Ligand SMILES: NC(=O)c1ccc[n+]([C@@H]2O[C@H](COP(=O)([O-])OP(=O)(O)OC[C@H]3O[C@@H](n4cnc5c(N)ncnc54)[C@H](OP(=O)(O)O)[C@@H]3O)[C@@H](O)[C@H]2O)c1
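Numbering (the working numbering), first residue to last: 39 to 348.
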């Protein structure tokens, strides 16, 4: 929920995805609604992972640690979480007994999509988690899917793991929030940025590539903001940069960082799996949801790529 700039001081606007206004609430009521009840307990799955651990870090600065539980596949690897005084429970998507046990007493569950390489396995794992959440009395489930995945899916016969997982969540009857994440900016790591700086040329496969990509830090901040607000009802957020960038912009940023010219050149001899992968995604649609949730602009491209050129 966000204030309307210059709007009626007694009301706030509620946004959902696609920047559509879905309603207004009275400000005084909304403030009360927003505060997380001290009775609410939040479990985050995949908490040992890169996104999960960043969400934990952000969440613990917003709500008492006693309300946060980290769900991890390997409790042995979760020492860094225990050191933050966060309770750790074993959550293995392949072991239903761990799910039943871990979800006891949980009111909100953030399901971080599985990192398994087979989408059929991922879907079965997600369905197992959703079933266990329902059985255990979880009230609200949040799911990290992929931004604008609907646009690349035939809605009459969806075959995309994220769309199918979202469908399973809707069918479960639980309250839901879909956090549809953009393609992580990490993909630039396979583009040969260091080589581009040395040679003065960023060489990519031909195409009208446009990217709404952002880093996990921004996505984690937005996820924590959503988790820390009580908020009833079902919501969908498309968590992307508000404007796209392209390889020409990337070459300009490399030029600035390197302090020497780097130009962009397309070459149809470039063969890399990343292009086939990206061509199946909608990386060009944008939304203001991420910035609104973060309450600040997305991290600039220049800052996001530094990690990949050192
Ligand atoms: N938007 C994008 O561009 C993009 C790119 C890549 C991936 N993703 C998706 O986003 C998710 C989160 O990203 P990330 O960077 O945090 O990935 P990550 O660092 O690989 O973390 C994934 C987490 O999932 C856990 N996990 C895997 N299988 C599990 C199982 N059977 N039961 C319970 N937990 C399991 C892993 O546990 P362990 O620590 O025990 O391995 C790990 O902690 C990924 O899992 C993937 O679905 C999105």
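All C-beta atoms, glycine included, are put in the ideal place defined by N, C-alpha and C.
Just so you know, these numbers come straight off a predicted model, no measurement behind them.
CB of residue 188 to nearest heavy atom of ligand 1: below 7 Å? Along the chain shown, one-based indexing puts residue 188 at 150. Residue 188 Cβ: outside cutoff for every heavy atom of ligand 1.
Ligand 1 and residue 150: does any heavy atom of the ligand fall closer than 7 Å to the residue's C-beta? Counted from its first residue, the chain shown places residue 150 at position 112. Look at residue 150: its beta carbon is less than 7 Å from one of the heavy atoms in ligand 1.
Closer than 7 Å to a non-hydrogen atom of ligand 1 - does that hold for the CB of residue 346? Indexing the chain shown from 1 puts residue 346 at position 308. For ligand 1, not one heavy atom lies less than 7 Å from the Cβ of residue 346.
I need the straight-line Cα distance from residue 13 to residue 190, nearest angstrom please. The chain is shown only over 39 to 348; residue 13 falls outside these bounds and no answer can be derived.
From 165, 215, 210 and 166, pick the residue whose C-alpha is nearest to that of residue 184; which is it? Along the chain shown, read from residue 1 onward, the residue named residue 184 stands at position 146. When only C-alpha atoms are compared, the closest one is 215.
Those residues which DSSP pairs with residue 304 across a bridge: By one-based count along the chain shown, residue 304 stands at place 266. Beta-bridge pairing links residue 304 to 242.
By the three-class DSSP mapping on this structure, what secondary structure does residue 332 have? Numbered from 1 along the chain shown, position 294 holds the residue referred to as residue 332. Looking at residue 332 - three-state DSSP - the assignment turns out to be helix.
Closer than 8 Å is the cut-off here; do at least three beta carbon pairs connect the segment 245-258 with the segment 218-225? Yes: the two stretches touch, three or more of their Cβ pairs being nearer than 8 Å.
Closest by CA to residue 125, which one among 133, 131, 147 and 116? Within the chain shown, residue 125 is the residue found at index 87, counting from 1. Considering only 133, 131, 147 and 116, the residue with the shortest C-alpha distance to residue 125 is 116.
Measuring alpha carbon to alpha carbon, tell me which of 100, 170, 118 and 120 ends up nearest residue 129. On the chain shown, residue 129 is found 91 positions in, with the first residue counted as 1. Of the candidates 100, 170, 118 and 120, the one whose C-alpha sits nearest the C-alpha of residue 129 is 170.
Using the C-alpha atoms, what's the distance from residue 268 back to residue 144? For the purposes of this step, residue 144 is identified with residue 106 of the chain shown, where counting begins at 1. For the purposes of this step, residue 268 is identified with residue 230 of the chain shown, where counting begins at 1. Using only the alpha carbons, I get a separation of about 14 Å.
Just to confirm before moving on: does the CB-CB distance between residue 310 and residue 199 stay below 8 Å? For the purposes of this step, residue 310 is identified with residue 272 of the chain shown, where counting begins at 1. For the purposes of this step, residue 199 is identified with residue 161 of the chain shown, where counting begins at 1. Taking a C-beta distance under 8 Å as the contact criterion, residue 310 and residue 199 do not qualify as a contact pair.
Is residue 84 near ligand 1, with its Cβ less than 7 Å from a heavy atom? The residue given as residue 84 occupies position 46 in the chain shown. Residue 84: yes, Cβ under 7 Å from ligand 1.
Local conformation of residue 345 per DSSP, three classes: Here the question's residue 345 lines up with position 307 in the chain shown. When DSSP states are grouped into helix, strand and coil, residue 345 belongs to the helix group.
Taking 7 Å as the cut-off, is the beta-carbon of residue 221 closer than that to any non-hydrogen atom of ligand 1? Stepping through the chain shown from its first residue, residue 221 is reached at position 183. Indeed, a heavy atom of ligand 1 lies less than 7 Å from the Cβ.
Sorted by chain position, which residues of the same chain lie with C-beta nearer than 7 Å to residue 136's C-beta, five sequence neighbours on each side aside? As a position in the chain shown, residue 136 is number 98, starting the count at 1. 128, 129 and 130, listed in sequence order.
Have a look at the DSSP bridge pairing and note the partners of residue 249. Translated into the one-based positions of the chain shown, residue 249 becomes position 211. Paired residue(s): 283.
Is it right to say residue 231 is buried, meaning 16 or more other beta carbons lie within 10 angstroms of its own, or is it exposed? As a first step, residue 231 must be located in the chain shown, where it is residue number 193. When all chains shown are included, residue 231 counts as buried.
Taking only runs that begin and end inside the segment 122-167, name each unbroken beta strand (DSSP E) of 3 or more residues, in chain order. Taken in chain order, the unbroken stretches of beta strand (DSSP E) that lie wholly in the segment 122-167 and span 3 residues or more are 125-128 and 146-150.
With DSSP collapsed to three states, give me the class of residue 204. Here residue 204 refers to the residue found at position 166 when the chain shown is read from its first residue. Residue 204 falls in the helix class under three-state DSSP.
Closer than 7 Å: residue 111 CB and nearest ligand 1 heavy atom: Here residue 111 refers to the residue found at position 73 when the chain shown is read from its first residue. Yes, Cβ of residue 111 sits closer than 7 Å to a heavy atom of ligand 1.
Would you call residue 59 buried or exposed, if buried means 16 or more other Cβ atoms sit within 10 Å of its Cβ? Taking the chain shown and counting its residues from 1, one reaches residue 59 at position 21. At residue 59 the pLDDT is 34, less than 50, meaning the model places this residue with poor confidence; the figure from the coordinates comes in the next sentence. Residue 59 is exposed by the Cβ-count criterion.
Note down, in chain order, each residue of its chain lying with its Cβ closer than 6 Å to the Cβ of residue 340, except the 5 sequence neighbours on either side. As a position in the chain shown, residue 340 is number 302, starting the count at 1. Excluding sequence neighbours, residue 340 sits near 291.
Please tell me whether, using a cut-off of 7 Å, the distance from the CB of residue 181 to the nearest non-hydrogen atom of ligand 1 is below it. The residue given as residue 181 occupies position 143 in the chain shown. For ligand 1, not one heavy atom lies less than 7 Å from the Cβ of residue 181.
Reference residue 245, options 205, 303, 261 and 271, closest by Cα: As a position in the chain shown, residue 245 is number 207, starting the count at 1. Closest by alpha carbon: 303.
Measure the C-alpha to C-alpha separation of residue 139 and residue 120 and round it to an integer number of angstroms. Looking up residue 139 in the chain shown gives position 101. Looking up residue 120 in the chain shown gives position 82. So the two alpha carbons sit approximately 19 Å from each other.
Could you tell me if the beta carbon of residue 131 falls within a distance shorter than 7 Å of some heavy atom in ligand 1? Indexing the chain shown from 1 puts residue 131 at position 93. The answer is yes for residue 131.
With 16 other CB atoms within 10 Å as the buried threshold, where does residue 331 fall? Reading the chain shown from its first residue, position 293 is the one you call residue 331. That one is buried.
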